[in-house]
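Worksheet: one structure, shown below.
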Amino acid sequence: MHPLRLLILEADTPQPDTEAKYGGYGGVFTALLTAAAEAMDPPRKLSEVATVTAHNIVEDMHAYPPLDEVDAILITGSRHTAYEDDPWILKLVEYTRQAIDSGRIRVVGVCFGHQIVGRAMGARLGRSDKGWEVAVTEVDLTDKGKDIFKLDKMRIHQMHRDVVLEYPKGSIPLGGNDICPVQAMYSPGRYITVQGHPEFTEEIVSEILTNRHKAGIFTDDMYDEAMKRAPNEHDGVKIAKAFLDFMRHG
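At position 83 of the sequence shown the residue is numbered 111 (my numbering), and the sequence of numbers has no breaks.
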């Protein structure tokens, strides 16, 4: 089986320390997917599974390759709002819709990417009335979610207050919780998404929490409580392994 051609669409730039370490969200996800490939049975090198290219689509709206040059797409998180009508967001929604409708390209959405897939498939998005969900939280999985992620319950880093308000027509719910009922969704051979951030580490999430606290976005109490949960164990590698399985087999 030839390595699949994976395109990472970077919808944001990381915080300064994270960018210095990884060189953009493409680097963050490549590190996660490398660990996921090594966790396969038998262990694999990521280069045996996928060739990875990354494009920052906020800075360059012309960075989209033709879809016939792509086998799988991963849309990253972002500080931007997935239901706004900025030209680059509208272009991303249309490209995502075309990829999913191709019936050949597998699309993975993470956080903002999860919301973009929802929008491309006709779901409503909005701001949660429960406020922010940050650091490691637990997500209850459906039977299908347990089967796909090989977990009884998902522990995953979060950094959002925008949400997908309903499951798109034809999608299979994979998990939810009280703060965000639509946490993960799936359409066989077409897309898989999570609202959380499997790619985040304690270091990455702590930098975001610290800088948003300094900027007055997070209150002292919220910051302190989230920083206590930032080191908690999470299932990022298992989630990424499910992404690789989906990209390869649907």
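Don't be surprised by glycine CBs; every beta carbon is placed ideally from N, CA and C.
Counting only the same chain and skipping the five closest in sequence on each side, list residues whose C-beta sits under 6 Å from that of residue i.
| i | result |
| --- | --- |
| TYR111 | LEU153 |
| ALA254 | VAL162, ALA163, LEU237 |
| GLN186 | GLU161, VAL162, THR165, GLY224 |
| SER234 | ALA258 |
| TYR50 | VAL56 |
| PHE246 | ARG240 |
| TYR214 | ILE200, LEU202, ILE220 |
| ARG125 | ALA148 |
| ALA64 | VAL265, ALA268, LYS269, LEU272 |
Going by C-alpha distance, which of the options is nearest residue i?
| i | options | result |
| --- | --- | --- |
| ARG147 | ILE128, GLU161, LEU61 | ILE128 |
| VAL145 | ARG132, THR79, ALA59, ARG218 | ARG218 |
| LEU35 | PHE57, LEU61, PRO226, THR81 | THR81 |
| THR41 | TYR53, HIS30, PRO31, LYS49 | TYR53 |
| ASP157 | ASP206, PRO201, PHE228, VAL121 | ASP206 |
| PRO226 | VAL265, TYR195, LEU37, VAL191 | VAL265 |
| HIS83 | TRP116, ILE133, HIS30, ASP248 | TRP116 |
| ASN239 | ALA67, GLU122, ARG107 | ARG107 |
| GLN143 | GLN126, ASP249, VAL121 | VAL121 |
| THR229 | MET68, ASP249, ILE184, ASP248 | ILE184 |
| ASP114 | TYR251, ASP249, ASP252, GLU87 | GLU87 |
| VAL222 | TYR123, ASP263, GLY131 | ASP263 |
State the beta-bridge partners of residue i as determined by DSSP.
| i | result |
| --- | --- |
| MET187 | VAL162 |
| THR247 | For THR247, which the question treats as bridged, DSSP gives no partner whatsoever. |
| ARG134 | ALA100 |
| LYS181 | ASP168 |
| TYR258 | First, the amino acid is wrong: residue 258 is Ala here, not Tyr. None, per the DSSP bridge assignment. |
| TYR214 | ILE200, ILE220 |
| LEU35 | THR81, ILE101 |
With the cut-off set at 7 Å, would you say residue i and residue j are in Cβ contact?
| i | j | result |
| --- | --- | --- |
| GLU166 | LYS181 | yes |
| ASP96 | ARG33 | no |
| LYS189 | GLY141 | For the sequence presented, residue 189 should be read as Arg rather than Lys. No. Outside cutoff. |
| LEU102 | ALA268 | no |
| PRO216 | MET149 | no |
| ILE232 | THR58 | no |
| THR104 | ALA48 | no |
| ILE176 | ALA270 | yes |
Is residue i near the ligand GDP, going by C-beta to nearest heavy atom under 6 Å?
| i | result |
| --- | --- |
| VAL56 | Absence of the ligand GDP is noted for the structure shown, with no ligands found whatsoever. |
With a threshold of 8 Å on Cβ separation, who are the neighbours of residue i within its own chain once the five nearest residues in sequence on each side are excluded?
| i | result |
| --- | --- |
| LEU193 | ALA151, ARG152, LEU153, GLY154, VAL210 |
| LYS119 | ILE85, MET89, TYR92 |
| GLN43 | ILE232, GLU235, ILE236, ASN239 |
| ALA67 | VAL265, LYS266, LYS269 |
| ASP69 | none |
| MET29 | ARG276 |
Less than 7 Å between C-beta atoms, sequence neighbours within five positions excluded: which residues of the same chain meet that for residue i?
| i | result |
| --- | --- |
| GLY203 | VAL167, ASP168, LEU169, THR170, GLY173, MET182, GLN211, ALA212 |
| THR109 | ASP190 |
| PRO71 | none |
| PRO31 | SER75, GLU76, VAL77, ALA78, THR79 |
Under 8 Å: do the region 202-210 and the region 250-267 share three or more Cβ pairs, one atom per stretch?
no
Using 8 Å as the Cβ pair cut-off and three pairs as the minimum, do the region 132-141 and the region 170-182 touch?
no
Can we say the region 267-277 touches the region 74-90, given the rule of at least three CB pairs closer than 8 Å?
yes
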